[in-house]
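Read in order, the letters of the sequence shown are residues -13 to 128 in our numbering. A short worksheet on the structure shown next.
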Amino acid sequence: MYIGFQHLHSFMTYLVLAGIIISISWALKGYLTKQPFTDKDRKIALLGLIPTHLQWVIGLVLYFLSPLGLTSLSGEAMQNSMLRLYTIEHPIMMILGVVLITAGFSKAKRASDPKKQFMFIWAFYLVGLILILSRIPWVVWP
Ligand code: HEM
Ligand code: HEM
-13 MYIGFQHLHS FMTYLVLAGI IISISWALKG YLTKQPFTDK DRKIALLGLI PTHLQWVIGL
47 VLYFLSPLGL TSLSGEAMQN SMLRLYTIEH PIMMILGVVL ITAGFSKAKR ASDPKKQFMF
107 IWAFYLVGLI LILSRIPWVV WP
């Protein structure tokens, strides 16, 4: 169960990063070339949103299964940079990134000006991506 979720979480990271990067590039192109915002544009923004949502739910399950998750959370863990990354920094920063990406999608859906719709997607997804990249455990991944 643990190993299965660990592999799934590790593999999903490729889809998350690829999806977010495709969504940002597409929205930036629409923004710069002043296109109308169509249903196709919304679907391409979903390419970034859906894997990211799936991933955070998988991460949450993993937090309860992994020896590097909740079981490691302690005062001593805070003095160990690797344990602090897994038990606190990674989960909090990833959830913040996901919230930003969701807010960008949601705001784009509600806005009426196409330029703003594209801007909400590329800008919010970009900040979300930076937060996500900042707390991937690069020593073990890919
Ligand atoms: C967009 C969101 C996320 C991304 C891109 C992401 C990415 C990653 C990556 C690349 C690893 C290393 C995998 C490996 O060892 O090959 C990892 C490990 C881990 N992640 Fe996430 N993560 C995300 C969200 C979360 C969340 C929200 C939680 C917890 C609430 C979480 C909990 C964990 C745990 C506990 C591990 C360590 C697993 C182990 O090796 O035992 N992740 N994550
Ligand atoms: C397996 C996990 C999940 C998948 C596949 C998923 C998928 C999606 C999809 C497709 C949308 C876009 C809906 C639309 O077109 O408007 C969405 C939006 C959203 N999801 Fe998730 N989701 C998952 C888990 C979650 C969880 C656990 C939460 C919260 C606790 C959540 C919160 C939201 C929110 C707040 C929105 C934004 C709604 C809006 O304002 O447009 N999702 N999700």
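The C-beta atom is built at its ideal place from N, Cα and C for all residues, glycine as well.
When Q103, R121, V43, G45 are compared against S9, the one with the closest alpha-carbon: Q103
Whole-angstrom distance between K29 and L59, CA atom to CA atom: 39 Å
Does the distance between the C-beta of I107 and the nearest non-hydrogen atom of ligand 1 fall short of 7 Å? no
Residue burial classification, G5 (beta-carbon count within 10 angstroms, cutoff 16): buried
Thinking just about the alpha-carbon of each residue, which of V84, L115, K93 is nearest to the one in H39? V84
Let me have the residue list for ligand 2: C-beta closer than 7 Å to any non-hydrogen atom, ordered along the chain. L32, L35, I36, H39, L40, V43, T88, F91, S92, K95
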